[in-house]
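My numbering applies: residue 24 is where the sequence shown begins, and numbers increase by one.
Every residue, glycine too, gets a C-beta built ideally from N, C-alpha and C.
Encoded as structure tokens, the structure appears first; notes follow it.
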Amino acid sequence: MKFHLVTASILSLFLVACSEKSPSVTTDARPLEQAQTSLKDAYIDAFLIGAALNEDQIYERDSEVDDIITSQFNSIVAENCMKAENIHPEEDDFFWEEADAFIAFGLKNEMSIIGHTLAWHSQTPDWLFVDENGEDVSRDVLLERMQNHITTIMQRYKGKVKGWDVVNEAILDDGSMRESKFYEIIGPDWVEKMFIFANQADPDAELYYNDYSMAIPEKREGAYALVKGMQDKGIRVDGIGMQGHINLDGPTLEAFEESLLRFAELGQVMITELDVTVLPWPGTEVGAEVSMSVEFQDEFNPYRNGLTPAVEAHLHKRYVEMFSLFHKHADKIDRVTLWGVTDANSWRNDWPMDGRTDYPLLFDRANKPKPFVQEIITITN
Numbered sequence: 024m025k026f027h028l029v030t031a032s033i034l035s036l037f038l039v040a041c042s043e044k045s046p047s048v049t050t051d052a053r054p055l056e057q058a059q060t061s062l063k064d065a066y067i068d069a070f071l072i073g074a075a076l077n078e079d080q081i082y083e084r085d086s087e088v089d090d091i092i093t094s095q096f097n098s099i100v101a102e103n104c105m106k107a108e109n110i111h112p113e114e115d116d117f118f119w120e121e122a123d124a125f126i127a128f129g130l131k132n133e134m135s136i137i138g139h140t141l142a143w144h145s146q147t148p149d150w151l152f153v154d155e156n157g158e159d160v161s162r163d164v165l166l167e168r169m170q171n172h173i174t175t176i177m178q179r180y181k182g183k184v185k186g187w188d189v190v191n192e193a194i195l196d197d198g199s200m201r202e203s204k205f206y207e208i209i210g211p212d213w214v215e216k217m218f219i220f221a222n223q224a225d226p227d228a229e230l231y232y233n234d235y236s237m238a239i240p241e242k243r244e245g246a247y248a249l250v251k252g253m254q255d256k257g258i259r260v261d262g263i264g265m266q267g268h269i270n271l272d273g274p275t276l277e278a279f280e281e282s283l284l285r286f287a288e289l290g291q292v293m294i295t296e297l298d299v300t301v302l303p304w305p306g307t308e309v310g311a312e313v314s315m316s317v318e319f320q321d322e323f324n325p326y327r328n329g330l331t332p333a334v335e336a337h338l339h340k341r342y343v344e345m346f347s348l349f350h351k352h353a354d355k356i357d358r359v360t361l362w363g364v365t366d367a368n369s370w371r372n373d374w375p376m377d378g379r380t381d382y383p384l385l386f387d388r389a390n391k392p393k394p395f396v397q398e399i400i401t402i403t404n
């Protein structure tokens, strides 16, 4: 894989004076130096720097965003186009167009390509679990359908995808297994079966377990036990994806680090789906359960016209601390992936309530780097 220094023409997109009043940017943005390397080049000896791509980015519909992706990142993951409801909407119908375009984008730009996700309780079509009468299918039928689903997708992209999030979010915050339809119909060994099918479909691809809130001690130990149990049975699991959907204050660096070190005992660690919400949370439990939905309320959208200097400083500190932690443990981390490219296209704007204005990523709504991107780059010096 080749990695190129960012040219002056691409770095020119970084030269901007950001308005404190505009919701499209964060406050007090400073330009990156012309001679500074990109994020991917700064961390070239540490770990891959990735981004999740949506449909517009896959099809290269915005040249400024495309420049950010190709100049700053050396790994990409499919945000939605490989999820079951998108790629396999009907039993005998696979929709390949978007996933093929995603793969083509990665190959063209010599990027490390990650597939997401083969088995997940959410964004999964209803047909998978029911028969022609709408009744739950048997264990054997669901296993057969999932083996076909996994094998068909993985073999289509064999040799092109570095690794797959085989199973996503099978553990609850208390460390117990989520009683999803997979669990109800197949049983507690359903995760094992998915990894067995994936290994059979492509023995050369890396296989990951991916989940959110992995710094919660009970969830950490539940996920650890799940993966360690599979490995002890000879079932291949190459690494753990620690989803980085975090907020300004939680989890603590100490808790995140403890989980990172624990998971490193099992294999590779990937920091996946990284973003930092600045918005107040409409509830007591903070996580990334996509089924959560709350009616819009103004009090939970306080920064529609831009961040205050205090919140901007807090976000700055949080990102620098997190990347400092990642760099400290670079020998254990294979990849750090942002869940999106710019604030404008982040899922955080619409979850768990539509219409909010969030600032969770490294690049703002004007496609410019935030003031702390330069500091994140210089951590490696």
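- If the five residues before and after Asp357 are omitted, its C-beta is found closer than 8 Å to the C-beta atoms of Phe70, Leu71, Gly262, Gln291, Val292 and Met293, all from its own chain and listed in chain order.
- With contact defined as three or more Cβ pairs closer than 8 Å, the segment 146-161 and the segment 119-127 are not in contact.
- In the three-state reduction of the DSSP assignment, Gly267 falls in the strand class.
- Inter-residue distance for Ala248 and Ala389 is about 44 Å (C-alpha atoms, whole angstroms).
- Phe220 sits close to Gln170, with the two beta carbons spaced by under 8 Å.
- Taking the Cα positions, Lys393 is about 39 Å away from Val214.
- Annotation: the continuous alpha helix (DSSP H) that includes Trp213 extends over Trp213 to Ala224.
- The DSSP-derived three-state label of Met169 is helix.
- The residues Gln146, in chain order, have a CB closer than 6 Å to that of Lys106 in the same chain once the five nearest residues on each side in sequence are set aside.
- Straight across, the Cα-Cα distance linking Gln95 with Ile400 is about 11 Å.
- Nearest in C-alpha terms to Gly264, of all of His350, Pro240 and Val190, is Val190.
- Classified as exposed, Glu114 has fewer than 16 neighbouring CB atoms from the shown chains inside 10 Å of its CB.
- Asp227 counts as exposed, since fewer than 16 other beta carbons sit within 10 angstroms of its beta carbon.
- Counting of Cβ neighbours within 10 angstroms places Asn368 among the buried residues, the total reaching 16 or more.
- Contact between the segment 342-358 and the segment 274-290 is present: 3 or more CB-CB pairs across the two stretches fall below 8 Å.
- Within the segment 148-208, complete beta strand (DSSP E) segments of at least 3 residues are found at 186-191, given in chain order.
- Asp366 and Asp381 do touch by the CB rule: their CB atoms are close to 7 Å apart, below 8 Å.
- About 3 Å separates the CB atoms of Gly73 and Ser98; that is less than 8 Å, so the two are in contact.
- Secondary structure at Trp143: strand, using DSSP grouped into helix, strand and coil.
- Closest in alpha carbon position to Asn132, among Ile92, Glu102 and Ala101, is Ile92.
- DSSP places Ser369 outside both helix and strand once states are collapsed to three, so it counts as coil.
- With 16 or more other CB atoms across the displayed protein chains lying within 10 angstroms of its CB, Lys391 is buried.
- Distance from the CA of Arg162 to the CA of Ala246, rounded to the nearest whole angstrom, comes to 23 Å.
- For Thr93, the enclosing alpha helix (DSSP H) covers residues Ser86 to Gln95.
- Under the three-state reduction of DSSP, Gly73 is assigned to strand.
- For Asp115, the secondary structure class from DSSP, reduced to helix, strand or coil, is coil.
- Under the DSSP assignment, Thr295 falls outside any alpha helix (DSSP H), being part of the beta strand (DSSP E) whose first and last residues are Gln291 to Thr300.
- Close CB contacts of Glu398 within its chain, under the 8 Å cut and outside five residues either way in sequence, are with His339 and Val343 (chain order).
- Thr360 and Val100 do touch by the CB rule: their CB atoms are close to 6 Å apart, below 8 Å.
- Here Val260 carries a coil assignment [DSSP, helix/strand/coil].
- Burial check for Asp255: the Cβ neighbour count within 10 Å stays below 16, so the residue is exposed.
- When only Cα atoms are considered, Arg327 and Thr175 end up about 44 Å apart.
- When secondary structure is reduced to three states using DSSP, Glu229 falls in the strand class.
- Closest option to Lys242, judged by alpha-carbon separation, among Leu348, Arg168 and Phe286: Phe286.
- Inter-residue distance for Phe218 and Ala224 is about 10 Å (C-alpha atoms, whole angstroms).
- For Ser98, there is no enclosing alpha helix (DSSP H); the residue is found in the beta strand (DSSP E) stretching over Ser98 to Ala101.
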